[in-house]
Amino acid sequence: MAIGTIANLNYWYPGSAEPALRDVWAVLEDGFTVVAGPSGGGKSTLLRVLNGLVPHFHGGRIAGRAQVLGFNVIETPTRDLARSVGFVFQDPELQTIYSTVDREVAFGLENVGVPTHVMAGRVEEALHAAGIPHLAGRTVRSLSGGERQRLALASALAMRPRLIVLDEPTSQLDPDGAARVLTAVMRVVEEGHAVIISEHRLDRLLTAATALVLVVGGRVESADPASWRPPSAPSHAPRRSASGNEMWSLEGVAAGFNGQPVLEDVTLNGCSGEVVVLKGPNGGGKTTLLRLIAGGLAPLAGKVQRRPGRIAYLPQNPTALLHRPTLRAEVRLTVDRSGEHEPPEDILNALGLLQVAERYSRDLSTGERQRAALAAVLPGTPALVLLDEPTRGMDVAARDALVRLVTRLRERGAAIVLATHDVDLTLALADRVVQVSSGTAFERPVETVQA
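When we follow the numbering used here, the leftmost residue of the sequence shown carries the number -5, and every step to the right adds one.
Shown next, in the form of structure tokens:
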């Protein structure tokens, strides 16, 4: 049974001369649909048509027809579509309103006037469906990334939508967190919900999908999930030779928040011309370690040292960096402040972003926005480069571009530290691997990282 039809649909973001969706014709069937394709190809835009964020929230121009669950998307307000279409974004922190799990799941129910005596049962039902009944009563800030993503799923399920749409929900999760989210999604499918999910981690999803939609260059086509295979990652030979001068060091460092340590007795260092990769589970302390090295977090004990020089820091939420009217202006700001003379076009070209240089960065797709943030912090020759989950939302080609860029920075003498769950990125770049988990940090052989 068809749950949605799209006919001759074209969509332009505000100020864009090129359409993000081009002449789209599609029939979306009940069951489990996987949406795949390269970063910036239009996947997120297509998904946001399904709940009316495109065009009602993002604005721009739209032509053609889109119908979901009997609603005309162009004519129906987003608040009305939200009753039938649940949406789970890639960044769960952007969906969180309340400080406790139960209140967060109840938020949508409160908005539509569900009686209080009914609400408790609906919240409990949704927590069970998302596989997190044990989180009832917890504070949201105490949850791991995977737990927050399943909380976002539970919040959507509480509304009892006929369709649930998920936009790359596992891109910033460790393998265990990603597996738990996907298990919860599969449980929802088995219970009879129609589910549409966009992902780059496709191995498990393709075996269960009833339909596959490919979105490339704004164009949409169907494929057979049983036979289609994503492009393979290119191989790289990382350089693991001797590095240069010590650029940063931590000696006997403890760090945490509100006096509670997240890391204890950490002794590490990094040198120029070297890539150190931080591995470990969500919540294990990788981001805390990066903030210590950057100087954004004072240690509770021990000593942190850094050599003088420009620090390029990419946080987990790249949107926090992007405020200028265009992407070109973002890069120009960094170049001007650094006193260097590299044209913005150099790094935009290196990251495959020249065609969106005049776009407002926050209107870009998730993968493009990630590359935009990298372009905004990495031009020129920073002395210290700190990247937190830099391949979030990236396809194979975008990851390959990042590998080439980081390799160039390493050859120029930058000391590079990156935290990632991306095994391919680790194998392509790591000179050293540091395992960060359970409050500790210790070096492990690169060869033990499993492809």
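Don't be surprised by glycine CBs; every beta carbon is placed ideally from N, CA and C.
Handout entry: Alpha-carbon spacing of THR133 relative to PRO109, whole angstroms
Key = 24 Å
Practice task
Drop a sphere of 10 angstroms on the beta-carbon of GLY253, count the other beta-carbons inside from all chains shown, and report buried for 16 or more, exposed for fewer.
Solution key: exposed
Problem - Where PRO155 falls: helix, strand or coil (DSSP) - result: coil
Exercise for the section: Tell me, to the nearest whole angstrom, how far the beta carbon of VAL189 is from that of PHE26; I am working on the premise that it is less than 8 Å. Expected result: 5 Å
Handout entry: Span of the alpha helix (DSSP H), counted from its first residue to its last, around ALA120
Key = 110 to 123
Handout entry: Beta-carbon spacing of ARG198, LEU176 below 7 Å
Key = yes
Handout entry: Under the three-state DSSP convention, the category ARG402 falls into
Key = helix
Handout entry: The beta strand (DSSP E) enclosing PHE81, as first and last residue numbers
Key = 79 to 82
Exercise for the section: Output the distance between the C-alpha atoms of ALA408 and LEU284, rounded to the nearest integer angstrom. Expected result: 15 Å
Handout entry: Where THR375 falls: helix, strand or coil (DSSP)
Key = coil
Handout entry: Delimiting residues of the beta strand (DSSP E) encompassing GLY(-2)
Key = -4 to 6
Handout entry: PRO373 and ILE341 closer than 7 Å at C-beta
Key = yes
Practice task
Could you check the C-alpha separation between ASP218 and LEU200 for me, to the nearest Å?
Solution key: 9 Å
Handout entry: Nearest residue (CA-CA) to ALA205, options ARG213, GLY211, SER192 and GLY212
Key = SER192
Exercise for the section: Use the C-beta contact count for GLU185: other C-beta atoms within 10 angstroms, 16 or more gives buried, fewer gives exposed. Expected result: exposed
Handout entry: Segment limits, beta strand (DSSP E) that includes GLU324
Key = Here GLU324 belongs to no beta strand (DSSP E); instead the alpha helix (DSSP H) covers 321 to 332.
Practice task
Would you give the residue range spanned by the beta strand (DSSP E) that SER216 belongs to?
Solution key: 213 to 217
Handout entry: Inter-residue Cα distance where the pair is ASP161 and LEU196
Key = 13 Å
Problem - Beta-carbon gap between GLY296 and ALA248 smaller than 7 Å - result: yes
Problem - Neighbour-count burial assignment, PRO384, 16 or more Cβ in a 10 Å radius - result: buried
Handout entry: Same chain, Cβ closer than 8 Å to LEU315, five either side skipped, listed in chain order
Key = LEU308, PRO309, GLU324, ALA367, ALA370 and VAL371
Exercise for the section: Let me know the secondary structure DSSP gives SER149 once reduced to three states. Expected result: helix
Practice task
Could you spell out the range, first to last residue, of the beta strand (DSSP E) harbouring MET241?
Solution key: 240 to 251
Problem - Rounded separation between GLY267 and ARG426 - CA only - result: 12 Å
Practice task
Starting from VAL269, follow its DSSP beta bridges and name the residues at the other end.
Solution key: ILE410
Practice task
Leaving aside the five residues before and after ARG406 along the sequence, list all residues of the same chain whose C-beta is less than 6 Å from its C-beta, in chain order.
Solution key: THR375
Problem - Cβ-based neighbour list, MET180, same chain, cut-off 7 Å, excluding 5 preceding and 5 following - result: ALA202
Exercise for the section: With PHE51 as the anchor, note down where its beta strand (DSSP E) starts and where it stops. Expected result: That residue, PHE51, is in no beta strand (DSSP E); it is neither H nor E in DSSP.
Practice task
Could you check what DSSP says for GLN429 in three-state terms: helix, strand or coil?
Solution key: strand
Exercise for the section: Put GLU437 into one of helix, strand or coil per three-state DSSP. Expected result: strand
Problem - Per-residue burial, THR534 [other beta carbons within 10 Å of its own, 16 or more giving buried] - result: Look at the range of the chain in this structure, -5 to 445, and you will see that residue 534 is not part of it.
Handout entry: Coil, strand or helix - SER446 by DSSP
Key = As displayed, the chain neither begins before -5 nor continues past 445, which places residue 446 out of reach and without an answer.
Handout entry: Nearest-angstrom beta carbon gap, THR401 and GLU446 [assumed within contact, 8 Å]
Key = Nothing about residue 446 can be reported from this structure: the residues present for the chain run from -5 to 445 only.
Exercise for the section: Would you mind working out which of ALA30, VAL443, ILE(-3) and GLY140 sits nearest HIS187, comparing C-alpha positions? Expected result: ILE(-3)
Exercise for the section: Go ahead and label ALA1 buried or exposed: buried means 16 or more other beta carbons lie within 10 angstroms of its beta carbon, across all protein chains shown. Expected result: exposed
Handout entry: Given GLU240 as reference, the closest of VAL67, ARG356 and VAL298 once Cα atoms are compared
Key = VAL298
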